[in-house]
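Peer 1:
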Amino acid sequence: MKSIAFCGVLGLATIATSAPNPDEVKAYQALVEQDVRIATIGYRLAAANAPFCKKLERNPGWVLQDERQYPNLETVRTALAFREPVSVAGLVAGGPAETAGIAAGDGLLGMNGATWNWSTRASKAKSAQRIEDVQEQFRSALMANGAIEVKLETASGPRTFKLNPPAICASRFWIDTKSKLDAGADGYNVRITEALVRFAANDDELAAAVAHELSHNLLEHREKLKKGKKSAARIRATEIEADQLSLWLMANAGFDASAALRFIERFGRATDPALISDGTHLRWRGRVGIMQSEISEMSRSSKLNGLLPPPLLKEGN
Ligand SMILES: [Zn+2]
């Protein structure tokens, strides 16, 4: 687990030119695709495990983006069919927003009778501030009212949609453009790097990485580690818990929990230094062993309403 700064999705290094570069256009489109993939896996995990989560929020199941998050405005306008500067970049298949008829590219016009006026916001610098503000407005309106009315510029003109999404585990899932195999959780955000997304062999393996980070959030590890003395042993204990809980979350969401074992082994072989003698270099073997015992425990555990109740999320933990 790494602590992360609260920042936006995109950090592509680029030289700003007015003519869109085709490779860059493709890179922007691929990034949106992976962002939606992470959001979809995250949504599935957070929705299926909602009965075990202390902190819930109503999640529309969409990925919103601001063209300002990208370093090159011309390119983003070529690459993505944004109808407004802040638009729906993609949807969780079968999620509340998609079910309501919202489509990728639909642009944000207003919410609950109020209107956004994107043009009046001055800054032209690449920034995630505006989208963070919008996300926060949706979060608090959904929290306060349960349902919202959102006005969007769609392919067939302006339309108002009523959204009444169910409450699921509170977390947001997004892709970070870093080329390092890395992921992080800060108590609310789950960040997966583009490199790690590519490293995962399939959605089940990617779900293992997302579920591990989500587990840190659900177990409030960051807050707990802030209290008291920070020690390697305490950090290691949180890592073990995240590995254990991740398997239950995966199984409940219909992912293959054993994919986590394969993922950890491959990840360990790729990232652990091979020949050091401080006892840490075969760490992944220990993780796999602990996860194997947890899978055995899951097979002995009885389901409640079709779900495996994770011991780590029982009251008192
Ligand atoms: Zn971790």
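My numbering numbers the first residue of the sequence shown as 649 and each following residue consecutively.
Cβ coordinates follow ideal geometry from the N, Cα and C atoms, glycine included.
Cβ of Glu868 within 7 Å of any heavy atom in ligand 1?
Peer 2: Locating residue 868 in the sequence shown gives position 220, where the first residue counts as 1. No, Cβ of Glu868 sits at least 7 Å from all heavy atoms of ligand 1.
Peer 1: Going by CA-CA distance only, name the one from Ala776, Ala818 and Gly934 that's closest to Pro719.
Peer 2: One-based indexing of the sequence shown puts residue 719 at position 71. Of the candidates Ala776, Ala818 and Gly934, the one whose C-alpha sits nearest the C-alpha of Pro719 is Ala776.
Peer 1: So which of Thr747, Cys817, Lys774 and Gln785 has the shortest CA-CA distance to Leu756?
Peer 2: Along the sequence shown, read from residue 1 onward, the residue named residue 756 stands at position 108. Nearest of Thr747, Cys817, Lys774 and Gln785 to Leu756, Cα basis: Gln785.
Peer 1: With hydrogens ignored, establish whether the beta-carbon of Glu942 is closer than 7 Å to any heavy atom of ligand 1.
Peer 2: The residue labelled residue 942 in the question sits at position 294 within the sequence shown. No.
Peer 1: Excluding the 5 residues flanking Ser827 on each side, which residues of the same chain have their C-beta closer than 8 Å to its C-beta?
Peer 2: On the sequence shown, residue 827 is found 179 positions in, with the first residue counted as 1. Result list for Ser827: Thr841, Glu842 and Ala843, in chain order.
Peer 1: Here's the rule I'm using: 16 or more other beta-carbon atoms within 10 Å means buried, otherwise exposed. How should Met759 be labelled?
Peer 2: One-based indexing of the sequence shown puts residue 759 at position 111. Per the 10 Å Cβ criterion, buried.
Peer 1: Determine the closest residue to Val684 out of Phe821, Ser947 and Asp714, with distance taken between C-alpha atoms.
Peer 2: Along the sequence shown, read from residue 1 onward, the residue named residue 684 stands at position 36. Checking every option, the nearest Cα to that of Val684 belongs to Phe821.
Peer 1: Compare the beta carbon distance of Val736 and Arg778 with 8 Å and say whether it is the shorter of the two.
Peer 2: What you label residue 736 is simply residue 88 of the sequence shown in a count that begins at 1. What you label residue 778 is simply residue 130 of the sequence shown in a count that begins at 1. In this structure, the beta-carbon distance from Val736 to Arg778 does not fall below 8 Å.
Peer 1: Measuring straight from C-alpha to C-alpha, what distance separates Cys701 and Arg716?
Peer 2: Taking the first residue of the sequence shown as 1, we reach residue 701 at position 53. Taking the first residue of the sequence shown as 1, we reach residue 716 at position 68. If you take the alpha carbons of Cys701 and Arg716, they lie about 34 Å apart.
Peer 1: Please determine, among Val858, Thr688, Asp834 and Thr825, the residue with the shortest C-alpha to C-alpha distance to Leu679.
Peer 2: Taking the first residue of the sequence shown as position 1, residue 679 is located at position 31. Considering only alpha carbons, the answer is Thr825.
Peer 1: Quick check: the Cα distance between Asn837 and Asn900, rounded to an integer number of angstroms?
Peer 2: Numbered from 1 along the sequence shown, position 189 holds the residue referred to as residue 837. Numbered from 1 along the sequence shown, position 252 holds the residue referred to as residue 900. Computed Cα separation, rounded: 21 Å.
Peer 1: Measuring alpha carbon to alpha carbon, tell me which residue in Arg882, Pro668 and Lys799 is nearest Asn765.
Peer 2: Indexing the sequence shown from 1 puts residue 765 at position 117. Closest option to Asn765, Cα to Cα, is Lys799.
Peer 1: Please check the pair Val858 and Ile689, which I expect to be a contact at CB under 8 Å, by giving their CB distance rounded to whole angstroms.
Peer 2: By one-based count along the sequence shown, residue 858 stands at place 210. By one-based count along the sequence shown, residue 689 stands at place 41. Rounded, the Cβ-Cβ distance is 5 Å, consistent with contact.
Peer 1: Give me the Cα-Cα distance between Asp671 and Asp714, rounded to the nearest whole angstrom.
Peer 2: For the purposes of this step, residue 671 is taken as the residue at position 23 of the sequence shown. For the purposes of this step, residue 714 is taken as the residue at position 66 of the sequence shown. Approximately 20 Å, taken between the alpha carbons.
Peer 1: Quick check: what's the CA-CA separation for Leu960 versus Lys674?
Peer 2: For the purposes of this step, residue 960 is taken as residue 312 along the sequence shown, with counting starting at 1. For the purposes of this step, residue 674 is taken as residue 26 along the sequence shown, with counting starting at 1. Cα-Cα distance, rounded: 42 Å.
Peer 1: Three or more beta-carbon pairs under 8 Å between the region 724-734 and the region 693-711, yes or no?
Peer 2: no
Peer 1: For the region 807-818 and the region 869-889, state whether three or more C-beta atom pairs, one from each stretch, are separated by less than 8 Å.
Peer 2: no
Peer 1: If you reduce the DSSP assignment to three classes, tell me which class Pro957 lands in.
Peer 2: The count along the sequence shown starts at 1 and reaches residue 957 at position 309. Pro957 falls in the coil class under three-state DSSP.
Peer 1: Determine the DSSP secondary structure at Thr841, reduced to helix, strand or coil.
Peer 2: For this step, residue 841 is matched to residue 193 along the sequence shown. In this structure, Thr841 counts as strand in the three-state DSSP scheme.
Peer 1: Go ahead and pull the three-state DSSP assignment for Phe903.
Peer 2: The sequence position of residue 903 within the sequence shown is 255, counting from 1. Coil.
Peer 1: Compute the minimum distance between the beta carbon of Glu853 and the heavy atoms of ligand 1, and state whether it is under 7 Å.
Peer 2: By 1-based counting over the sequence shown, the position of residue 853 is 205. Not under cutoff, so the answer is no.
Peer 1: I need the DSSP call for Lys962, collapsed to helix, strand or coil.
Peer 2: The residue you call residue 962 lines up with position 314 of the sequence shown. The answer is coil: DSSP assigns Lys962 none of H, G, I, E or B.
Peer 1: Compute the beta-carbon to beta-carbon distance between Leu909 and Pro958, rounded to the nearest angstrom, for a pair I have assumed lies under 8 Å.
Peer 2: Sequence index remark: in the sequence shown, residue 909 carries index 261 (1-based). Sequence index remark: in the sequence shown, residue 958 carries index 310 (1-based). Not really, about 18 Å apart at Cβ, beyond 8 Å.
Peer 1: Quick check: the Cα distance between Ile814 and Ala890, rounded to an integer number of angstroms?
Peer 2: To locate residue 814, count along the sequence shown from 1; it is residue 166. To locate residue 890, count along the sequence shown from 1; it is residue 242. A small correction: the amino acid at residue 814 is Pro; Ile does not occupy that position in the sequence shown. When rounded, the distance between both Cα atoms is 25 Å.
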